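Before any comments, here is the structure.
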Amino acid sequence: MFELWVYLAASPLLWLTLTIGVFLGARRVARACGNHPLVNPILLSIAVLVAILAATGTPYATYFSGAQFVHFALGPATVALAVPLYRNRALVRATLLPILAALFAGTFAAVGSAVGLGLLLNVPGPLVAALAPKSVTAGIAMGIAAQIGADPALTAVFVIATGIIGAILVTPLMNALRIRDFAARGFAAGLASHGIGTVRAFQVSDVAGTFAGLAMALNGLVTALVAPLVLSLLR
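Number 133 in the numbering used here belongs to position 119 of the sequence shown; there are no gaps in the numbering.
Right under this line is the structure:
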């Protein structure tokens, strides 16, 4: 049996199949629980895959040799967000000014709060810099991290944690604040918790998902400009 596992583990197809299978299973669990915020399929998938890698002693590099195909698919998936954006283009045009105001306010709040709290708590400079782009999708965040002298790998960890926490909290928080507009809810989710928040928004409403995807894209552009500026001002 062990020899069979060693043989299978060397195949990239195993890890690709396992990743997709685990996620599909996690999504079924989430749907069975009524898409409850705490039953997040991405969080469940990460937990299961980490447990499998730890139990089998499989190096991450071996796992990624197969899972990299999922990583590659993130690009086309992001581009596909243009489809619901096009369908809801009239609503987007009608709310353009509020979108821009929320974008700049949210970006400065996300970067400024992370950097400000880090400095207030005497967190080491490289760690503060790694926190700055935490609300941006991973690919852009890692590029920003390299630009501002932070560790891209550490930034990726913060990005994933931010996305999962945001996806869990966004619905109960919006309900508590009595924000009923799905465009506003979705934009907040995408702005604060990037792609993971966008997935959560699409579970709730097509309009919410559209505005979440828009916020995720625009936030990446603005954060690339804002993060170095905020760090230079607060250091």
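Ideal placement from N, C-alpha and C gives every residue a C-beta, glycine not left out.
Please read these numbers as outputs of a predicted model, since none were measured by experiment.
Query: Could you have a look at N233 and say whether DSSP puts it in helix, strand or coil?; Result: helix
Query: Only counting the same chain, and skipping five residues up and downstream in sequence, which positions put a Cβ closer than 6 Å to that of L27?; Result: none
Query: T76 lies in the alpha helix (DSSP H); which residues open and close that run?; Result: 74-93
Query: In this structure, does DSSP put T151 in helix, strand or coil?; Result: coil
Query: Out of curiosity, what's the CA-to-CA distance linking L239 and L247?; Result: 13 Å
Query: Check whether the region 192-199 touches the region 71-89, counting contact only when three or more Cβ pairs, one atom from each stretch, lie closer than 8 Å.; Result: no
Query: Are T169 and P147 close, meaning C-beta to C-beta below 8 Å?; Result: yes
Query: Roughly how many whole angstroms lie between the Cα atoms of R107 and M230?; Result: 17 Å
Query: Please state the DSSP three-state secondary structure of D195.; Result: coil
Query: Am I right that G234 and T109 are in contact with their C-beta atoms under 8 Å? What's the rounded C-beta distance?; Result: About 20 Å; that fails the 8 Å criterion.
Query: Quick one: grab the DSSP three-state call for L135.; Result: coil
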